[in-house]
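Sequential numbering from 7 applies to the sequence shown in the numbering used here.
Think of the CB as a built atom: it goes at the ideal place given N, C-alpha and C, for glycine as much as any other residue.
Every value quoted in this text rests on a predicted model; they were computed, and no experiment measured them.
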Amino acid sequence: MKYHIIAFGCQMNISDSERVSTILEKLKYKKTSNINEANLIVVVMCSVRQSAVDRVHGLAHKFKKLNPKIKTILTGCVLQKDRKKFENSFDYVIDIKNISELFKIARQQVSQDPRRRASMAAAKRRGAPRTEQVRAGGRSVSAETWLPSSYLDITPKYSNKFSATVPIMTGCNNFCSYCVVPYTRGREISRPAKEIICEIKNLVKNDYKEIWLLGQNVNSYKDGKTNFPKLLKMVNNIPGNFTLCFITSHPKDFSDELIKTMKNCKKLSKRLNLPIQSGDDEILKKMNRPYTVAQYKTLVKKIRKAIPDISLSTDIIVGFCGETKKQFQNTVKTLKEIGFDMAFVNKYSPRAGTAAAKMEDNVPWAEKKRREKVLIELINEK
Ligand code: SAM
Ligand code: SF4
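Have a look at this one:
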């Protein structure tokens, strides 16, 4: 049996897809990059913008046209309101945290495979175990015994041999008014520091040179007495030659302790992504981003003073509900003043169920595109 996997969106989705791969490969599926060869297709989707959702709708039809017998699974960030529609086009829609469901479905497909049925029948005749066996900890165990209860406990099938992503938390408690993440991924859950360190030690032992700590808001990480700066120190102290990076951090949780730790951690990369989202205080308030432009600038000043060679990038949304030309000009001005090395510019896309969905999306699409172009040109001038 062969599977093909497609992950859209952020690094978190790519990291999730690596855990999906582990499950499928434990059940002896083989990965294929050729859709035409696959028995099973898994799509790890992103719902942050409508354009990403539309792309997945188109895909589901394409798969079935290609091969009506192919089984399709949709997982990742799926909004409740889209679920029903996707249930009509995909065979299964599952919550990424409900990994046991993915396991059951994949296993059911395997058991229906004629070749696998024949090999199980032969095993039965030999008196070998009749349940699916997987290798774990150097021995053969029944697949059910192996399955961890939390999906983050699954050792991922890393998709890169040099750089690895390690989720340190899932979910988000911030409820920025435009964002689906707290609805699709739920509230923040931090992973035990012990497990994170164990995973990274293993990666370093296997010669990984770049480790990314992942979370929607890494700097609110908390496991008992271990906060994010303490976790950074612990990872930095792991012997070996590697670079440590993290994404994404929220300006409101960027403490002095974190800045001091970043300055002292020699393995830490000098690249930092610090989303500002808007350069206008009124828009920031409507976005439920609890800082002002002046506070953000003060924070950047402190970071640059402590780490003068830091390379700073940011995320910005243009055309948010009610954003006037003057408010947009405030963003242009802020960007010029701060002088980011890079900016990821997004046109506001209304998302059902969020607080902003109740506000009027009154900036025309063409104007959003114009504002996006202005900011991209500004960044490229650097
Ligand atoms: N947690 C991060 C933070 O605090 O900014 C960002 C995570 S979010 C999934 C990634 C980026 O998508 C955001 O920084 C934002 O710029 C963009 N984004 C989120 N919701 C959006 C929406 N409804 N429309 C356009 N862009 C959006
Ligand atoms: Fe979304 Fe805001 Fe959470 Fe980032 S901090 S994931 S933008 S709600």
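The ligand SF4 approaches P281 closely enough that one of its heavy atoms is under 8 Å from the residue's Cβ. In this structure, the C-beta of V49 stays at least 8 Å away from each heavy atom of the ligand SF4. In the DSSP annotation of this structure, Y9 is not part of any alpha helix (DSSP H); the continuous beta strand (DSSP E) holding it starts and ends at 8–13. Look at which beta carbons fall closer than 6 Å to any heavy atom of the ligand SF4; those residues are C178, N180, F181, C182, C185, V187, P188, Q222, N223, H256. Apart from the 5 residues on each side of it in sequence, P154 sits with its Cβ closer than 6 Å to the Cβ of I160 in its chain, given in chain order. The alpha-carbon separation between N223 and T254 amounts to approximately 5 Å. Contact annotation, L274 with N242: C-beta distance approximately 7 Å; criterion of less than 8 Å satisfied. Note that the region 180–188 touches the region 277–294; at least 3 beta-carbon pairs, one per stretch, sit closer than 8 Å.
Taking C-beta atoms as the reference points, G221 and M175 count as a pair closer than 9 Å. The Cβ-Cβ distance between L278 and K342 does not fall below 9 Å.
For F248, the Cβ stays outside the 8 Å cut-off from all heavy atoms of the ligand SAM. For the pair G177 and P188, the CB atoms are nearer than the 9 Å cut-off. Using a cutoff of 8 Å, the CB of N352 counts as near the ligand SAM, since one of the ligand's heavy atoms is closer than that. For V59, the enclosing alpha helix (DSSP H) has its first and last residue at 56–72. Between H10 and A44, the gap from beta carbon to beta carbon is short of 9 Å. Around the CB of L72, fewer than 16 other CB atoms lie within 10 Å, so the residue is classed as exposed. Counting every other CB atom within 10 Å of its CB across the protein chains shown gives R55 a total of 16 or more, marking it as buried.
Setting aside the 5 residues that flank it on each side, L381 is surrounded in the same chain by I322, V324, T337, V338, L341, A349, V351, each with a C-beta closer than 8 Å to its C-beta; the list follows chain order.
The secondary-structure analysis by DSSP pairs R277 across a beta bridge with S317. Excluding five sequence positions before and after K8, the CB atoms of its chain that fall closer than 8 Å to its own CB belong to Y35, K36, K37, T38, E43, A44, N45, L46, given in chain order.
When secondary structure is reduced to three states using DSSP, I323 falls in the strand class. Taken through DSSP and simplified to helix, strand or coil, A170 comes out as strand. For T232, the Cβ stays outside the 8 Å cut-off from all heavy atoms of the ligand SAM. For G192, the CB contacts under 6 Å within the same chain, skipping 5 residues up- and downstream, are G177 in chain order. A residue is called buried when at least 16 other Cβ atoms come within 10 angstroms of its Cβ; T81 meets this threshold and is buried. Taking every protein chain shown into account, the CB of T304 has fewer than 16 other CB atoms within 10 angstroms, so this residue is exposed. Between D287 and F334, the C-beta spacing is not below 9 Å.
Contact check for M51 against N94 fails: the beta carbons are separated by 9 Å or more.
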